[in-house]
Amino acid sequence: PAGPGGVAVPRAGLKKLALPPDYSGITFPEKPKLKFMDKVPAVPKVRREPRRLRDIRGPSQVATDFTQGQYGILALGGGYLHWGHFEMIRLTIGRSIDPKSMFAVWRVPAPYKSVTRKSLGHRMGGGKGP
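Throughout the sequence shown, residue numbering follows UniProt numbering, covering 1 to 130 in sequence.
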């Protein structure tokens, strides 16, 4: 605040700083970075299955609370996470964490259903095809 004549008057005071939170109860895993997710599911191919679009069902019903109480990513709608999305998340988080003081844990299952695309130059429609 300005004093007489609009000049700021310096004053001294006691500032009380809040103590940082205590993280002594958190144990670090052996490997702090996210593990690599396979591009192709590791299940033997038995027979071709339908697309089953009902798998896209919206917000998750499992793993909806924080285990360590820090932060996470929330999906507001349904959709597929492809291998490229997992890889992008893994690399981005791996670049930004310091392995000496931070760690990351996957809370989503690995991709369990392979979704293939039509090869280039094919007409649209006609089902999945071999």
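Glycine included, each C-beta is placed from N, C-alpha and C at the ideal position. For clarity, every value in this text was computed on a predicted model and none was experimentally measured.
- P111 sits close to L81, with the two beta carbons spaced by under 8 Å.
- For F103, the closest C-alpha among the options A18, K35, K113 is that of K35.
- Distances from the CA of V40 to each of V115, S119, G121, G127 were compared; the closest alpha carbon is that of V115.
- Counting only runs of at least 4 residues, the region 45-111 fully encloses the following alpha helix (DSSP H) elements, listed from N- to C-terminal order: 83-96.
- Closest option to Q61, judged by alpha-carbon separation, among R107, V7, R117, E30: R107.
- In this structure, I56 places its C-beta atom within 8 Å of the C-beta atom of G78.
- In this structure Q68 does not touch I97 by the C-beta definition: roughly 13 Å separates them, more than the 8 Å allowed.
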